[in-house]
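Student:
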Ligand SMILES: [Ca+2]
Ligand SMILES: [Ca+2]
Ligand SMILES: [Ca+2]
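In our numbering, the protein residues as written are 5 to 334.
1) Can you have a look at residue 18 and say buried or exposed, based on whether 16 or more other CB atoms are within 10 angstroms of its CB?
2) Answer yes or no: the CB of residue 81 versus the heavy atoms of ligand 1, is any distance below 7 Å?
3) Is it the case that the Cβ atoms of residue 37 and residue 52 are separated by a distance below 8 Å?
4) Quick one, which of 163, 102, 84 has its alpha-carbon nearest residue 132's?
5) When you compare only the Cα positions, how much space is there between residue 184 and residue 249?
6) Suppose the cutoff is 7 Å on Cβ atoms and the five residues either side in sequence are ignored; what does the same chain contact list for residue 155 look like?
7) Run the proximity test for residue 125: is its beta-carbon closer than 7 Å to any non-hydrogen atom belonging to ligand 2?
8) Keeping to the same chain, check which residues put their C-beta closer than 7 Å to that of residue 221; ignore five residues upstream and five downstream.
9) Just to confirm, are residue 134 and residue 88 a CB contact at a threshold of 8 Å?
10) Just how far apart, CA to CA, sit residue 127 and residue 9?
11) For residue 300, count neighbouring Cβ atoms within 10 angstroms of its own Cβ and tell me buried if that reaches 16, exposed if not.
12) For residue 211, which residues of its own chain have a beta-carbon under 6 Å away from its beta-carbon, when the five flanking residues on both sides are left out?
13) Take residue 182 as the anchor and find which of 49, 103, 241 has the nearest alpha-carbon.
14) Looking at the secondary structure, which residues open and close the beta strand (DSSP E) in which residue 124 lies?
15) With 16 other CB atoms within 10 Å as the buried threshold, where does residue 27 fall?
16) In angstroms with no decimal places, state the Cα-to-Cα distance between residue 144 and residue 116.
17) Within the same chain, show all residues whose beta-carbon is closer than 6 Å to that of residue 138, passing over the 5 residues directly before and after it, in chain order.
18) So what does DSSP say about residue 71, is it helix, strand or coil?
19) Check this for me: beta carbons of residue 86 and residue 62, under 8 Å apart or not?
20) Here's the rule: buried if 16 or more other CB atoms are within 10 angstroms of the residue's CB, otherwise exposed. What is residue 262?
21) Could you please give the first and the last residue of the uninterrupted beta strand (DSSP E) stretch that includes residue 252?
22) Less than 7 Å separating the Cβ of residue 118 from some heavy atom of ligand 1?
23) Determine the extent of the beta strand (DSSP E) in which residue 116 is found, giving its start and end residues.
24) DSSP three-state label for residue 181, please.
25) Return the chain-ordered list of same chain residues with a C-beta closer than 8 Å to the C-beta of residue 76, the five sequence neighbours on each side being excluded.
26) Taking residue 136 as the reference, give the member of 146, 80, 179, 92 with the closest Cα.
27) Which runs of the beta strand (DSSP E), 3 residues or longer, sit entirely within the segment 219–243?
28) Cα-Cα, which of 7, 235, 142, 166 is closest to residue 195?
29) With hydrogens ignored, establish whether the beta-carbon of residue 192 is closer than 7 Å to any heavy atom of ligand 3.
30) Using the beta-carbon count (16 or more within 10 Å), is residue 205 buried or exposed?
31) Beta-carbon within less than 7 Å of residue 54's beta-carbon, same chain only, minus the 5 sequence neighbours each way: which residues are those?
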């Protein structure tokens with residue numbers, strides 16, 4: 005007595021011999037099984053029966069994150085890699101943890117975008133059903149909440165003289181679904197280390213307000229020979245559930261640049277002080293410093309002309325008229 009567990013109706017391929025046997029299908033199979041008996045005279049007979057060996061779908065869910073941090077927010081679930089040899093008929097979802105699949109969110113596609121409008125912390129259940137009625141379920145740990153939002157008012161902050169402190173206001177930060185904001189952490193140089201320890205000698209210039217919504221910054225300085233400072237201050241707010249958010253604001257120290265040396269013109273010749281030229285005796289010449297201005301573009305308030313051996317004038321008028329017959333330095 006011989007057995008063909010994948011009988012195609014034409015050729016009998018012996019897989020096992022014996023009066024009775026067990027056989028395990030490792031792959032899905034829809035077809036026939038056949039048994040062949042042979043008598044002592046060499047005569048054979050074959051009998052066959054239908055066999056239906058189905059396997060449950062194997063769920064393979066794409067990695068999360070399965071956390072929504074702002075409400076409403078979209079939760080994206082991807083079962084594209086889930087396979088079944090008999091084909092997948094539908095995906096059913098229970099998004100609210102009430103153990104009932106949502107009637108409107110049954111799907112025949114393996115990807116699902118579900119919008120969460122309320123805070124949620126629990127299992128989302130999915131059932132994948134194949135075309136022969138076998139199904140498999142998976143449970144996905146989902147969290148949805150509204151994160152707090154950090155905000156710093158009034159920035160960016162800048163000064164032209166150091167050291168300087170700034171009054172920073174984080175009271176416009178908003179709480180999320182995790183309850184009230186319970187901590188304000190100011191990191192004046194945004195290096196990841198908060199400065200909330202007034203009284204420590206090495207941090208002695210940090211004001212006691214450093215852990216509050218409205219805080220006075222530490223002293224920003226120009227150190228190590230720096231002529232400018234460009235940094236950021238960082239505020240982290242933490243709510244009662246321990247969730248946090250951070251905001252950054254630029255902080256700059258840019259001293260006013262030194263005033264430019266005045267540009268002086270003597271009878272039309274350019275100079276920058278110490279301009280030496282020769283004038284014709286008895287004829288007038290003009291010293292014009294009207295182009296002199298500070299680095300910021302503001303006119304200089306007073307121009308002084310100090311001409312060797314000639315007139316010496318001082319006043320707000322940048323142009324002066326002199327007469328001399330000698331070499332002059334203007
Ligand atoms: Ca199947
Ligand atoms: Ca449900
Ligand atoms: Ca810091």
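All C-beta atoms in this analysis are idealised placements derived from N, C-alpha and C, irrespective of residue type, glycine included.
Tutor: In short, the structure shows the following:
1) The residue you call residue 18 lines up with position 14 of the chain shown. Exposed is the call here.
2) Taking the first residue of the chain shown as 1, we reach residue 81 at position 77. Result no, Cβ not under 7 Å from ligand 1.
3) The count along the chain shown starts at 1 and reaches residue 37 at position 33. The count along the chain shown starts at 1 and reaches residue 52 at position 48. Going by C-beta atoms, residue 37 is nearer than 8 Å to residue 52.
4) Working through the chain shown from its first residue, we reach residue 132 at position 128. Of the candidates 163, 102, 84, the one whose C-alpha sits nearest the C-alpha of residue 132 is 84.
5) Against the chain shown, residue 184 aligns to sequence position 180. Against the chain shown, residue 249 aligns to sequence position 245. If you draw a straight line from the Cα of residue 184 to the Cα of residue 249, it comes to about 13 Å.
6) In the chain shown, the residue the question calls residue 155 occupies position 151. Excluding positions up to five away in sequence, the list reads 174, 176, 177, 251.
7) Start at 1 with the first residue of the chain shown, and residue 125 comes out as number 121. No.
8) As a first step, residue 221 is located in the chain shown; it is residue number 217 there, counting from the start. 169, 170, 172, 192, 237.
9) Counting from one through the chain shown, the residue named residue 134 turns up at place 130. Counting from one through the chain shown, the residue named residue 88 turns up at place 84. Yes, they are a contact pair.
10) Position 123 of the chain shown, counted from the start, is the residue given in the question as residue 127. Position 5 of the chain shown, counted from the start, is the residue given in the question as residue 9. Their backbone Cα atoms lie some 42 Å apart in a straight line.
11) Numbered from 1 along the chain shown, position 296 holds the residue referred to as residue 300. Because residue 300 carries a pLDDT of 48, less than 50, the predicted location of this residue cannot be relied on, and no value is offered for it.
12) Within the chain shown, residue 211 is the residue found at index 207, counting from 1. Answer for residue 211: 220, listed in chain order.
13) Sequence index remark: in the chain shown, residue 182 carries index 178 (1-based). Closest by alpha carbon: 241.
14) For the purposes of this step, residue 124 is identified with residue 120 of the chain shown, where counting begins at 1. Per DSSP, residue 124 belongs to the beta strand (DSSP E) from 124–134.
15) Position 23 of the chain shown holds residue 27. Exposed: under 16 other Cβ atoms inside 10 Å.
16) Translated into positions along the chain shown, residue 144 becomes position 140. Translated into positions along the chain shown, residue 116 becomes position 112. Going by the C-alpha atoms only, they are around 13 Å apart.
17) Within the chain shown, residue 138 is the residue found at index 134, counting from 1. Here the set comprises 58, 60.
18) To locate residue 71, count along the chain shown from 1; it is residue 67. In the structure shown, residue 71 sits in a strand (DSSP, three-state: E or B).
19) Indexing the chain shown from 1 puts residue 86 at position 82. Indexing the chain shown from 1 puts residue 62 at position 58. Result yes, Cβ atoms of residue 86 and residue 62 sit closer than 8 Å.
20) By 1-based counting over the chain shown, the position of residue 262 is 258. Because residue 262 sits at a pLDDT of 49, beneath the cut-off of 50, its placement in the model cannot be relied upon, and the following sentence gives the value as read from the coordinates. By the 10 Å Cβ count, residue 262 comes out exposed.
21) Along the chain shown, one-based indexing puts residue 252 at 248. Note, residue 252: beta strand (DSSP E), 248–257.
22) Residue numbering aside, residue 118 sits at position 114 when the chain shown is read from its first letter. Residue 118 Cβ: outside cutoff for every heavy atom of ligand 1.
23) Looking up residue 116 in the chain shown gives position 112. Looking at the DSSP string, the run of the beta strand (DSSP E) that includes residue 116 is 115–120.
24) Position 177 of the chain shown, counted from the first residue, corresponds to residue 181. Coil at residue 181, not helix or strand.
25) Translated into the one-based positions of the chain shown, residue 76 becomes position 72. 119, 120, 121.
26) Residue 136 sits at position 132 when you count from the first residue of the chain shown. For the residues 146, 80, 179, 92, the minimum Cα distance to residue 136 belongs to 92.
27) 233–243
28) Looking up residue 195 in the chain shown gives position 191. Answer by Cα proximity: 235.
29) As a working note, residue 192 is residue 188 in the chain shown. Result yes, Cβ under 7 Å from ligand 3.
30) Stepping through the chain shown from its first residue, residue 205 is reached at position 201. With a pLDDT of only 48 at residue 205, under the threshold of 50, the placement of this residue in the model should not be trusted; the figure read from the coordinates follows. Classification for residue 205: exposed.
31) Here residue 54 refers to the residue found at position 50 when the chain shown is read from its first residue. Here the set comprises 36.
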